[in-house]
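**Student:** Residue numbers 1083 to 1166, in this note's numbering, belong to the letters of the sequence shown in order.
Below: one structure in structure tokens.
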Amino acid sequence: MKVSHFYEKGSKKVNEDVCILNEKAGIFAAIDGATGLDGTPGHIASYAIGEVLRQAEKDMALFSVLKAANEKVQENTLGTIQEK
């Protein structure tokens, strides 16, 4: 399968959107980090999920990958809150 993407950066200083093209794992995603919760920026979640999805391997179950992504979001969010 041939996959390509088009990306145009928005006008904000920090881009909260992430595009994932992980062909080896068969994971393709567009993640919109538009709005954070309780003052935590939206890019915290989208970047954390993107990082995990990019590193996923072919033999990993999607549930396991998404669970790890959710745990990474929690870890990064707590780190951001503790810095405040």
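Cβ atoms here follow ideal geometry from the backbone N, Cα and C, with glycine treated the same way.
Bear in mind that the values here come from a model prediction, so they are computed numbers and not experimental data.
#1: When DSSP builds the beta bridges, which residues end up paired with residue 1104?
#2: In chain order, what residues of the same chain have a beta carbon less than 6 angstroms from the beta carbon of residue 1127, not counting five sequence neighbours either side?
#3: If we ignore side chains and look at the alpha-carbon of each, how far apart do residue 1153 and residue 1094 end up?
#4: Please give the ranges of any alpha helix (DSSP H) in the stretch 1106–1156, keeping only runs that are unbroken, at least 4 residues long and fully inside the region.
#5: To the nearest angstrom, report how far apart residue 1099 and residue 1089 are at their CA atoms.
#6: Out of 1110, 1120, 1141, point me to the one whose CA is closest to residue 1131's CA.
#7: Exposed or buried, what is residue 1085 when buried is set at 16 or more other beta-carbons lying within 10 Å of its beta-carbon?
#8: Taking buried to mean at least 16 other C-beta atoms within 10 Å of its own C-beta, is residue 1125 buried or exposed?
#9: Give the straight-line distance between the Cα atoms of residue 1097 and residue 1091, rounded to the nearest whole angstrom.
**Tutor:** If we stick to the structure as given:
#1: 1109
#2: 1115, 1155
#3: 27 angstroms
#4: 1124–1137
#5: Looking at the two C-alpha atoms, the distance is approximately 10 angstroms.
#6: 1110
#7: Exposed.
#8: Buried, by the Cβ-count rule.
#9: 7 angstroms
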